[in-house]
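Asker: So the sequence shown is residues 1061 to 1327, counted in the working numbering. Using N, Cα and C, we set each Cβ at its ideal position, and we do this for glycine too. Computed from a prediction, not measured in an experiment: that's the story for all the values here.
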Amino acid sequence: MSDASPPFKTLLVERAGEVERLTLNRPARMNSVTMTMVTELNAYFSSLVSRPDVRVVTMTGAGRGFCAGMDIFETLEPDGLLRNAFEDRGEPGLDGVIKAIRRAPQPVIALVNGPAVGAGLIFALAADLRLAAPTALFKTGFVKLGASGCELGVSYLLPRVISTGAAAEMIFTGRAVAAERALALGLVSEVAPAGGLEALGAAYAAEMLEASPLGLRRTKETFHLCLDINSLDGVMAAEYATQIRLAGADHRERLAAFRATHGKSGG
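#1: Mark Ala1179 as exposed unless 16 or more other C-beta atoms lie within 10 angstroms of its C-beta, in which case mark it buried.
#2: Whole angstroms are fine: how far does the CA of Gly1275 sit from the CA of Ile1080?
#3: Sorted by chain position, which residues of the same chain lie with C-beta nearer than 6 Å to Phe1126's C-beta, five sequence neighbours on each side aside?
#4: For Ala1239, which residues from the same chain have a beta carbon less than 6 Å from its beta carbon, with the 5 sequence-adjacent residues on both sides left out?
#5: Which same chain residues end up closer than 7 Å to Val1221 when comparing Cβ atoms and leaving out the 5 residues on each side of it in sequence?
#6: At which residues does the alpha helix (DSSP H) containing Leu1105 begin and terminate?
#7: Helix, strand or coil for Met1268, going by three-state DSSP, please let me know.
#8: With distances taken between CB atoms, is the gap from Val1098 to Leu1154 smaller than 8 Å?
#9: Over what stretch of residues does the alpha helix (DSSP H) that includes Ala1228 continue unbroken?
#10: Report the residue from Asp1131, Ala1187 and Ala1316 whose alpha carbon sits nearest the alpha carbon of Met1090.
#11: For Gly1327, does the count of other Cβ atoms within 10 angstroms reach 16, so buried, or fall short, so exposed?
#12: With a cut-off of 8 Å on the beta carbons, I'd call Leu1269 and Glu1074 a contact; round off their distance for me.
#13: Three-state secondary structure (DSSP) at Val1073?
#14: Could you tell me which residues DSSP pairs with Arg1081 in its beta bridges?
#15: Beta-carbon separation of Pro1167 and Pro1273 under 8 Å?
#16: Could you compute how far the alpha carbon of Pro1087 sits from the alpha carbon of Tyr1216?
#17: With a cut-off of 8 Å on the beta carbons, I'd call Tyr1264 and Ile1169 a contact; round off their distance for me.
#18: At the level of alpha carbons, what is the spacing between Pro1165 and Ala1266?
#19: Taking the beta carbon of Glu1147 as the centre, do at least 16 other beta carbons fall within 10 Å, making it buried, or is it exposed?
#20: Give the straight-line distance between the Cα atoms of Val1214 and Ser1249, rounded to the nearest whole angstrom.
#21: Here's the rule: buried if 16 or more other CB atoms are within 10 angstroms of the residue's CB, otherwise exposed. What is Leu1287?
#22: What are the residues that DSSP puts in a beta bridge with Phe1198?
#23: What separation, rounded to the nearest whole angstrom, lies between the Cα atoms of Leu1072 and Ala1254?
Here it is, written out as structure tokens:
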């Protein structure tokens, strides 16, 4: 795996073929979020729009944790107010990171190697798939710090991944959800054996790469577009538009190959 990173201070970016691995790189602070990290995450995910050579992104944390949420020693003022994390500073804030992850053309696989708390939970929810190590832990952040448990879109994202009741439990109580319960809830797709998270992520990425480049990008685009449209008519219109856009040479070649392999019987 080669180092493909620009001079980031809080992120490590490595490349293996068409897959890029993004690592939140503040292990001494459990990869908690600083304003520098916010700026760098916005820059990284926004850049993916113009990088078709990257087809899948995996996202993980350095050391023992995925992301412990906001670094309250840097991002909170003495009166407890967040310093610029959500404010309009003339550039995207932390909310922009969540949107940029979802809007990146590439599928994003969260490899949750440890605690994913607050903003860390929401980073994982914004990804397209979540895979967990046995040490993974998921919980909301601010509800036990005297603020709303609904932060950064968690009230939108979490009920779309797990049931409304389970989402309410996590958001209202701030309870931690360990890896095996996360699997039972559908919060993660698989729990890897100890030491096997990176290999599991690579296997999922390899399956995605079997799709055509255009097909994979349009699938990501349509999947999230349809999730965010509140009517069946809107969803069907989005799917129809995508199929029309996909009816090109690559689709015809793959369809011809499928027919040649399977014959008219489809067997």
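Answerer: Taking the coordinates as given:
#1: buried
#2: What sits at residue 1080 in the sequence shown is Glu, not Ile. Approximately 19 Å, taken between the alpha carbons.
#3: Same-chain partners within the cutoff: Val1172, Asn1173, Gly1174, Ala1176 and Gly1180.
#4: Ala1192, Pro1194, Ala1196 and Val1251
#5: Leu1185, Gly1246 and Leu1247
#6: Reading off the sequence shown, one finds Phe at residue 1105, where the question assumed Leu. From DSSP, the alpha helix (DSSP H) with Phe1105 extends over Met1095 to Ser1107.
#7: DSSP places Met1268 in helix when its eight states are reduced to three.
#8: yes
#9: In the DSSP assignment, Ala1228 falls within the alpha helix (DSSP H) that extends over Thr1224 to Thr1233.
#10: Asp1131
#11: Note that Gly1327 has pLDDT 40, beneath the 50 cutoff, so the model's placement of it is unreliable and no number is given.
#12: Contact between Leu1269 and Glu1074 fails: their C-beta atoms lie close to 17 Å from each other, not under 8 Å.
#13: strand
#14: Glu1074 and Thr1118
#15: no
#16: Roughly 29 Å separates the two Cα atoms.
#17: The C-beta distance from Tyr1264 to Ile1169 rounds to 6 Å, short enough to meet the 8 Å contact threshold.
#18: 17 Å
#19: Any answer about Glu1147 is weak, because its pLDDT of 49 lies below 50 and its placement is not dependable; what the coordinates show is given next. With fewer than 16 Cβ atoms within 10 Å of its Cβ, Glu1147 is classed as exposed.
#20: Separation of Val1214 and Ser1249 (C-alpha to C-alpha, rounded to the nearest whole angstrom) is 19 Å.
#21: exposed
#22: Ala1176 and Val1237
#23: Approximately 23 Å, taken between the alpha carbons.
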